[in-house]
Each structure stands twice: as C-alpha cells, then as structure tokens.
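Below you'll find the structure, written out as structure tokens, and then a few comments.
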C-alpha cells in the first residue's frame, strides 16, 4: 500500500517545473580610501556583465512558487581610478545558490535571498598593491516583470535589483580594499523561459 501511495504521489508531481534565464546587469560599488597605502580615494567601480540562472520549483501553487536556484556570473572588469586617472582594474566573478518566492499574477513579483561566492581581483601598476579575495555574502533579490503564458513554456522578462546584506568598509590591507570595492548594488534585466 505504501508503494502505491508513493507511486501516485510521484505521478501527481509535475515532470519538471522551473526556469532557465539570462541576467544582463550593471553592478555599482562604493568609493573607498586606501588607508593602507596612502589616502588615495578610489572612485566606485561599476562594471556591466551577464549571468546564467537555473531554477527549480520545489513547491508550485500556480499563482506562487517556491524556487531553488543557482547562478553563474561571468567575470566583469571595472577600472580603478582616482583623480580621474586609471590606476588599475577590479575583476569580479561569482556563483550563487538561493531560494526565491515568485508570485505569478498579472505582474510577476519575486523576492528571495542567495549566498554568493565572489572572486575579486584587484590589479594595479604597483604589484605590491594587488589583492585577491574570495568572499561569501548573502544577497537579497527582488524582481518585477511579466510572462507570456503558453501551453508548454512561458517566456518571461523582469527588472531585478539585488543588494548584499553585509558590507566591508575596512581598507587597511590590499585584501580589505579589494572586498570594500566589491559591488554594493546590482540592477539588471532578467529574461528566459519557465516550463
């Protein structure tokens, strides 16, 4: 009897409910003063990049869904400048795993959190000042968009805003400065298909 109940329960689940999408975004950092080296104030780094995201709905109520998702974001490079002069570059690449609640109404709304492992590299003309860091931060995400409900797949588009729940402001070492220059906000357009 237990096997029959399990079998019927498995048949009741959708074969697969989820999404695949592309995120095109702009990341915004914060200006920082390099206290370890001098009092040089670096301008905010704001690179543009893209990411690929896959999501799987663990609970789909048709009007709302709880989704687990994973994101890979390509390496972005932004110029490190102070006084209007380029002094180096900051690279940022990340992967993320998280959960999100998506409400599928006339306007789709999503709210979620994700853990990001960010690989940051700071390169300057002076090799002693270079810094590399991998930091893990929790980010909150909100998106607002629409989808076109079709029989098999539903294309969707959304405006997405994300921000970390913790920020680094210490700049006493090259590693600290690298983490302090990391993105503070990310705004992008996210689109793909739901199935």
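In mature numbering (1 follows the signal peptide of the UniProt record, and there is no 0), the protein residues as written are -17 to -1, 1 to 178. Backbone N, C-alpha and C fix where the C-beta goes; we use that ideal spot for every residue, glycine too. Treat the numbers as computed from the prediction; the structure is a model and nothing was measured.
query                                                                                                                                   : result
At what residues does the beta strand (DSSP E) containing residue 64 begin and finish?                                                  : 47 to 65
What does the alpha-carbon distance come out to for the pair residue 113 and residue 52?                                                : 33 Å
DSSP beta-bridge partners for residue 40?                                                                                               : 50
Quick check: residue 170 and residue 144, are their CB atoms within less than 8 Å of each other?                                        : yes
Which of helix, strand or coil does DSSP assign to residue 117?                                                                         : strand
The beta strand (DSSP E) with residue 30 in it runs from where to where?                                                                : Neither: residue 30 is in no beta strand (DSSP E) and is coded neither H nor E.
Assign residue 14 to one of two classes, buried (16 or more other C-beta atoms within 10 Å of its C-beta) or exposed (fewer than that). : exposed
So, residue 149 versus residue 138, is the Cβ gap smaller than 8 Å?                                                                     : no
Look up residue 150 in the DSSP assignment and say whether it is helix, strand or coil.                                                 : coil
When the Cα atoms are used, what is the spatial distance from residue 103 to residue 29?                                                : 14 Å
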